[in-house]
Each structure stands twice: as C-alpha cells, then as structure tokens.
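Taking it in order: structure first as structure tokens, then the write-up.
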Amino acid sequence: MKRPNTRTIVALSFLAFTTAVAPIATQAGNPLGRILEGGGIALAVSKFGPQVNDFVNKMTGMKDDNLEVTKVVPIISAGKGVYLGAVQVAGPRLAVSKVKAVAQLEGKLSNFRIKALVPVDTTNPTDKPSRVRGVGVTGVIDVKL
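The sequence shown runs 641 to 785 under the numbering used here.
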C-alpha cells in the first residue's frame, strides 16, 4: 500500500481540524459556536501554517531566500459579521516577521465591490492594527464546508 505524502497529510489535517468545529459553529444564534470556529481556524493556522506555507510555495514555485520570504497567517474579514480564514503573505523577511494577520476591508464604489487585503501587525481588530508596508498577499487558503 502506498504511503500518503506529507502534503496530503497536512491538507487533510488542516481540513479535519477546521471542519471539526463547523457543526457547532453553524448552529444559528450560537455565539459559542462562532467563537469555537474562529478559535479553531486560528489554532489550525498557527499549528499547520508552516506546512501549508510550504505546500503553497511548492504549488507556485516560490522559494524563500534572504531577500523575500512567505508565511501563512489568519485573514480577518469584517462587515456584516466577522469571518476568518488564512492567506499567504510575501515580502522582505523583517516586514513579514511583523505580520500577524491580514485584514480584509470591503467597500462599494458605484456598481463595483472592492476588497482590500491589508497585512497588519495584530490578530485583534480592537488593538488598532497597523499596516505592515512592503508585504503582499500571494495566496488564499479556504476550506469548503
């Protein structure tokens, strides 16, 4: 029997962990469920982020070097509710080390819906996050529930 490769194990572990809290979180009006889901995604990103980052780098042909590195961090979207997920960011090593999350801001200009992805230095939106300059988003990681 063929042994599964590391990428398969990482992807399945990330999927299993994030979906384990989904049945609780999807119950309407269950604030505890939403907290568990958010905590589960944040924990999954902190636990499996490096492996997911390696997977995205292999998929895109990116190689970390002395000039530019990548990292997977949570994405926090606020609007009509708060949503969590994960993204890969890339940039100079010092700047990427400061990124703790990406804030997704949404706006509307005429008939256009605009989403801005802003690397920030905190995971807590009430801490007045500061933009980390010189870092961009290079990948979006989501889970189909």
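No residue lacks a Cβ here, since even glycine has one placed at the ideal position from N, Cα and C.
Just list the beta strand (DSSP E) runs in the stretch 709-783, keeping only unbroken ones of 3 residues or longer that don't cross its boundaries, in chain order.
Annotation note: the stretch 709-783 contains the following uninterrupted beta strand (DSSP E) runs of length 3 or greater, listed N- to C-terminal: 709-719, 721-731, 741-749, 752-760 and 776-781.
Indicate the three-state DSSP secondary structure (helix, strand or coil) for Gly701 in the structure shown.
In the sequence shown, the residue the question calls residue 701 occupies position 61. If DSSP states are grouped into helix, strand and coil, Gly701 belongs with coil.
I'd like to know whether the C-beta atoms of Asn706 and Gln728 end up nearer to each other than 8 Å.
Counting from 1 along the sequence shown, the entry for residue 706 is found at position 66. Counting from 1 along the sequence shown, the entry for residue 728 is found at position 88. Cβ distance not < 8 Å, so Asn706 and Gln728 don't count as in contact.
Go through its chain and collect everything with a Cβ distance to Arg733's Cβ below 6 Å, but skip five positions before and after it.
Here residue 733 refers to the residue found at position 93 of the sequence shown. Answer for Arg733: Val709, listed in chain order.
With 16 other CB atoms within 10 Å as the buried threshold, where does Pro765 fall?
The residue labelled residue 765 in the question sits at position 125 within the sequence shown. Exposed, because fewer than 16 other Cβ atoms sit within 10 Å of the Cβ of Pro765.
So, is Ser770 buried or exposed, given that buried needs 16 or more other C-beta atoms within 10 angstroms?
In the sequence shown, counting from the first residue as 1, residue 770 sits at position 130. Result: exposed.
Pull up the CB-CB distance for Leu745 and Val758, whole angstroms please, since I reckon it's below 8 Å.
Position 105 of the sequence shown, counted from the first residue, corresponds to residue 745. Position 118 of the sequence shown, counted from the first residue, corresponds to residue 758. So it is a contact: roughly 6 Å between Cβ atoms.
Report all residues from its chain with a CB closer than 8 Å to the CB of Thr700; omit the five preceding and five following residues, and keep chain order.
As a first step, residue 700 must be located in the sequence shown, where it is residue number 60. If you ignore the 5 residues before and after Thr700, its C-beta comes within less than 8 Å of the C-beta of Thr778 and Gly779, all in its own chain and listed in chain order.
Where Asn706 falls: helix, strand or coil (DSSP):
In the sequence shown, the residue the question calls residue 706 occupies position 66. The answer is coil: DSSP assigns Asn706 none of H, G, I, E or B.
Report buried or exposed for Asp782, applying the criterion of at least 16 other Cβ atoms within 10 angstroms of its Cβ.
Residue mapping note: residue 782 aligns to position 142 of the sequence shown, counting from 1. Exposed is the label assigned to Asp782, since fewer than 16 other Cβ atoms lie within 10 Å of its Cβ.
By how many angstroms is the C-alpha of Ala743 removed from the C-alpha of Asp704?
For the purposes of this step, residue 704 is taken as residue 64 along the sequence shown, with counting starting at 1. For the purposes of this step, residue 743 is taken as residue 103 along the sequence shown, with counting starting at 1. Taking the Cα positions, Asp704 is about 24 Å away from Ala743.
Taking C-beta to C-beta, are Val775 and Gly725 nearer than 8 Å?
In the sequence shown, the residue the question calls residue 775 occupies position 135. In the sequence shown, the residue the question calls residue 725 occupies position 85. Going by C-beta atoms, Val775 is not nearer than 8 Å to Gly725.
Can you give me the C-alpha to C-alpha distance between Val772 and Ser737, rounded to a whole angstrom?
In the sequence shown, residue 772 corresponds to position 132, counting from 1. In the sequence shown, residue 737 corresponds to position 97, counting from 1. Straight-line Cα distance between these residues: approximately 10 Å.
Leaving out the 5 sequence neighbours to the left and right, which residues in its chain are closer than 6 Å to Ile675 when beta-carbon positions are compared?
Residue 675 sits at position 35 when you count from the first residue of the sequence shown. Here Ile675 scores only 45 on pLDDT, less than 50, and its place in the model should not be relied on; the value that follows carries that caveat. No residues qualify anywhere along the chain.
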